[in-house]
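Q:
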Amino acid sequence: MNTHHHILSVKHCSIIFGTLLIFTLLTVAAAHMDFGYFNFPLAMLIATIKASLVVFYFMGLKFDSTENRVIFFSSFIFLAIFIVLISSDVLFRKADVYVPHNEIFNAKKFSSEEVPHD
Amino acid sequence: MYSDTTADQEEKNNYLNHSKGIKSWLTSLDHKRIGVMYLFSILIFFLVGGIFALIVRTELWGPTKTFIDANTYNQAFTYHGTIMTFMVILPLIPSAIGNIILPMQLGAKDVAFPRLNLISYYVYMSGALLAVVTLFVGRVDTGWTFYTPYSIRTGGATILVLAGAFLMGFAAILTALNFIVTVHKLRAPGLTWSKLPLFIWCLYATNIIQMLATPVIALTLMLLTFERLMGIGIFDATLGGDPVLFQHFFWFYSHPAVYIMILPAMGIINEVIPVFSRKTIFGYGGMAVAVFGIALVSFVVWGHHMFTSGQSETANFIFSLITMFVAVPTGIKMFGWIATMYQGSIRLDTPMLYALSFLFVFLVGGLTGVFLATLPLNVHLTDTYFVVAHFHYTMVGGAIMAFLAGLHYWYPKFVGKMYLEIPARIGCVLTFVGFNVTFLPQFVMGIRGLPRRYYDYPPEFTQLNQVSTVGSFLIAFGLLWTFLFLIISAYKGPKAPRNPWGANTLEWQTSSPPYHENFETQPIVTKGPYDYHS
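Set out below in structure tokens:
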């Protein structure tokens, strides 16, 4: 049983907080720039760094027992299952299932009045 | 052997008499009282959900309109499904019976976080009331699955129901967290992992599923709410979203949720069968591992709900294949129970009758599940009454039969009185017969191609529908009979001894009803929970 609780110093808290603020500004700045193919990977990279800082320092995982770290990271296995199995659908759907892209956006949106009730 | 003084002491200090008044119940941190509050609340919702079932079945007495219009019919089956799933069967065994029994089986005074336990009850009630209040402010007709795109476009207070389901999921997470910590930290001396009762193992596996899967449904329902309010284009195809993605998100939770309902039910059967067969459970280790096998497989089979949704053929093949693996751990459990009964001294008291009923209905539900997992058959049977019958046999028949087994088994512990045996057996027979009369004809209707959820049907289905409707009223009569005699037993039943069934688990070592803090002294475990030979 892990009875030791690590208390993060005010100095360290401030550094992490400041870093998070900087990365938040980076998130906003990146959203205003076009990196083409790298738009999504860049946004995910910044978000992952921010989440990691929160998990490791503010939630104390860096100072926690190995058992808890294993439990935490094992939850990613379920995330991987979720993504991989959904990909087995999304990546292998036949192309003719889809309506052409421009038609999707030109399609008339249903309003609730048009939904048949009787 | 107890003296009169001990009996007086037990009477005065038991959890029912420890403090008096409504406030003492509503603010109680005692896990047993919180469990009883859950039990009463859930049974009230069970009554409401049951009334909606009878409305649906009565409307289906004949083709075309019997007594309600099509819109009201859609709303009736939506509320029946939503109430029964989110408010009744999901919390029924874990939050009600689990809350009362789990700490006692562990030899603990209470759960690890009693305040969190009480909060979880109020969060559950807030969610349930939020969903039910829509009956008066804007009825919902989406079905309990909230499938897009219909749920995005339809009227009614859908968002309130989604918020209600979100809150109830939150309550389930809090309870699951509480139980997991309790099992890890508050076991009695000597109660090693290999000596844990299988009911605890089943609750533990259920809690892990709840912790991992429930956040996904919470996220999904929030996304659906944003889609309705702001049109964010996640699920709405007209905005570039993917409606099938909603089904992936929904079933990633809702398929494991089937096992949130059925694993605790299996846990009860694990307790009842050895006690009433006077035999050690067959293959304790295998039975415990099978529970986790079922829990694990439950996370990777959700796509079998979506074979005709437009999901890719590759995904259909993968999900059909993996789904077959569910049969392996489930088969281990079924054979384990049968082997436990083999050459046992079987006593057919009411809990055992319900356990045997469970074995029958769950077997039918499980085997018809193999039909549905088979891809070519599924294309024919999906969205027909075959599916309705299948999931009622597993989720409802399984969970309700096991719940009633558990309720009668632990009734002496809950109330301190014995239930009246003959009326209880009659109630069991009525419910079992009613259940099969209701749902067996639905398999036939489904194979013949009658779609589920339809308001109207061709005249050749009239007779089978009428048999099913008669069965539904028989279930209602059986359940009302059962609960009526349980209420009467609380007043007129004979005083229950500590251990009327001669069971080995720790809850039977304390008084009936138990002390406020469960045990007079800390129990020490020296033998296994199913050791009837030493």
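Sequence order for the protein chains is A and B. When we follow our numbering, the leftmost residue of the first sequence carries the number 1, and every step to the right adds one. When we follow our numbering, the leftmost residue of the second sequence carries the number 1001, and every step to the right adds one. A virtual CB, placed ideally from N, CA and C, is assigned to each residue, including glycine. Here the structure is a predicted model, which means the values were calculated and not measured.
(1) For a contact meaning CB atoms closer than 8 Å, what does A/Ser65 contact in chain B?
(2) Could you confirm whether any beta carbon from chain B is found closer than 8 Å to the beta carbon of A/Arg93?
(3) List, from N- to C-terminal side, the alpha helix (DSSP H) runs of 4 residues or more that fit wholly inside the stretch 1107–1188 of chain B.
(4) Whose CA, out of B/Gly1293, B/Phe1386, B/Leu1484, lies closest to the CA of B/Arg1448?
(5) Which class does B/Thr1384 belong to by DSSP, given the choice of helix, strand or coil?
(6) Just mark A/Met1 as buried or exposed, buried being the case when its beta carbon has 16 or more other beta carbons within 10 Å.
(7) In angstroms, rounded to a whole number, what distance separates the CA positions of B/Ile1093 and B/Val1470?
(8) With burial defined as no fewer than 16 other Cβ atoms inside 10 Å of the residue's Cβ, what is the status of B/Glu1460: buried or exposed?
(9) Let me know the secondary structure DSSP gives B/Tyr1454 once reduced to three states.
(10) For a test of the three-state rule: what should DSSP assign to A/Lys11, helix, strand or coil?
(11) From the DSSP output, in three-state form, read off B/Lys1417 for me.
(12) If you draw a straight line from the alpha carbon of B/Leu1060 to that of B/Pro1149, how long is it in whole angstroms?
(13) Just curious, the alpha helix (DSSP H) that B/Met1352 is in, first and last residue?
(14) I think B/Val1272 touches B/Tyr1409, with their Cβ atoms under 8 Å apart; what is that distance to the nearest whole Å?
(15) So what's B/Asn1014 in DSSP terms, helix, strand or just coil?
(16) Suppose you measure from the CA of B/Tyr1204 to the CA of B/Pro1197; what does that come to, to the nearest Å?
(17) Any residues in the stretch 1246–1275 of chain B with a beta carbon nearer than 7 Å to a beta carbon of chain A? Which ones, in chain order?
(18) Under 8 Å Cβ-Cβ, which residues of chain A neighbour B/Ser1607?
(19) Over what stretch of residues does the alpha helix (DSSP H) that includes A/Ser88 continue unbroken?
(20) So which of B/Phe1077, B/Gly1062, B/Ile1101 has the shortest CA-CA distance to B/Gly1035?
(21) Under 9 Å, CB to CB, which of the residues in the stretch 1295–1306 of chain B have a partner in chain A?
(22) For a contact meaning CB atoms closer than 7 Å, what does A/Phe82 contact in chain B?
(23) Could you name the residues of chain A that B/Ile1318 contacts, counting a contact when the two beta carbons are closer than 8 Å?
(24) Determine the burial state of B/Ala1163: buried for a count of at least 16 other Cβ atoms within 10 Å of its Cβ, exposed for fewer.
(25) By a C-beta neighbour count over all protein chains shown, 10 Å radius and 16 as the cutoff for buried, is B/Met1001 buried or exposed?
(26) Of all Cβ atoms in chain A, is any one closer than 8 Å to the Cβ of B/Leu1363?
(27) Within 8 Å of any Cβ in chain A, is that where the Cβ of B/Lys1076 sits?
(28) Can you round the beta-carbon distance between A/Ile86 and B/His1248 to whole angstroms, since I take them to be within the 8 Å contact cut?
(29) By Cβ distance, which residues of its chain are closer than 6 Å to B/Ile1068, with the 5 residues on each side in sequence left out?
(30) So is A/Phe78 in contact with chain B if we call contact Cβ pairs under 8 Å?
(31) On the criterion of 16 or more Cβ atoms from any shown chain inside 10 Å, does B/Asn1207 qualify as buried, or is it exposed?
(32) Please report how far the alpha carbon of A/Leu53 lies from the alpha carbon of B/Thr1510, in whole angstroms.
(33) Using the Cα positions of B/Pro1103 and A/Leu91, report the straight-line distance between them to the nearest angstrom.
(34) Looking only at its own chain, which residues have a Cβ that is under 8 Å from the Cβ of B/Asp1236, when we skip the five neighbours before and after it?
(35) Would you grab the beta carbon distance between B/Pro1441 and B/Thr1384 for me? Rounded to a whole angstrom, and I think it's under 8 Å.
(36) Among all the DSSP beta bridges, which residues are the ones paired with B/Tyr1515?
A: Result, derived from the coordinates:
(1) Correct list: empty, because the minimum Cβ distance to chain B is about 13 Å.
(2) Yes, contact with chain B.
(3) Whole alpha helix (DSSP H) segments, 4+ residues: 1114–1132, 1134–1137, 1150–1153, 1158–1185.
(4) Of the candidates B/Gly1293, B/Phe1386, B/Leu1484, the one whose C-alpha sits nearest the C-alpha of B/Arg1448 is B/Phe1386.
(5) B/Thr1384 falls in the strand class under three-state DSSP.
(6) Note that A/Met1 has pLDDT 45, beneath the 50 cutoff, so the model's placement of it is unreliable and no number is given.
(7) One C-alpha to the other measures close to 28 Å.
(8) By the 10 Å Cβ count, B/Glu1460 comes out exposed.
(9) DSSP places B/Tyr1454 in coil when its eight states are reduced to three.
(10) Judged by DSSP in its simplified three-state form, A/Lys11 adopts helix.
(11) Reduced to three states, the DSSP call for B/Lys1417 is strand.
(12) A direct Cα-to-Cα measurement between B/Leu1060 and B/Pro1149 gives close to 27 Å.
(13) If you look at B/Met1352, you'll find it in the alpha helix (DSSP H) that goes 1350–1373.
(14) So it is a contact: roughly 5 Å between Cβ atoms.
(15) Here B/Asn1014 sits in strand by DSSP.
(16) Approximately 11 Å, taken between the alpha carbons.
(17) Sequence-ordered contacts of the stretch 1246–1275 of chain B with chain A read His1248, Phe1252 [C-beta pairs closer than 7 Å].
(18) Chain B is shown from 1001 up to 1534; residue 1607 of chain B falls before or after that span and cannot be answered.
(19) Under the DSSP assignment, A/Ser88 falls in the alpha helix (DSSP H) whose first and last residues are 66–90.
(20) Answer by Cα proximity: B/Ile1101.
(21) Within the stretch 1295–1306 of chain B, the qualifying residues are Phe1299, Val1300, Trp1302, Gly1303, Met1306.
(22) Within chain B, the residues near A/Phe82 are Phe1252.
(23) Those are Leu85, Ser88, listed as they occur along chain A.
(24) With 16 or more other Cβ atoms within 10 Å, it is buried.
(25) Model confidence at B/Met1001 stands at a pLDDT of 45, short of 50, so the residue's coordinates are unreliable; what they give is reported in the following sentence. By the neighbour-count rule (16 or more Cβ atoms within 10 Å), B/Met1001 is not buried but exposed.
(26) No Cβ of chain A is located within less than 8 Å of the beta carbon of B/Leu1363.
(27) The residue asked about is misnamed: residue 1076 of chain B is Ala in this sequence, not Lys. No, no contact with chain A.
(28) The Cβ separation is near 5 Å, so the contact holds.
(29) Same-chain partners within the cutoff: Glu1059.
(30) Yes, A/Phe78 lies at the interface with chain B (some Cβ there is under 8 Å from its Cβ).
(31) Taking a 10 Å sphere around the C-beta of B/Asn1207, we find 16 or more other C-beta atoms and assign the residue as buried.
(32) Those two C-alpha atoms are separated by around 49 Å.
(33) CA-to-CA, the gap between B/Pro1103 and A/Leu91 works out to about 47 Å.
(34) Taken in chain order, the residues that qualify are Thr1148, Pro1149, Ile1152, Glu1227, Pro1243.
(35) About 13 Å; that fails the 8 Å criterion.
(36) Note: B/Tyr1515 sits in a beta bridge opposite B/Asn1014, B/Asn1518.
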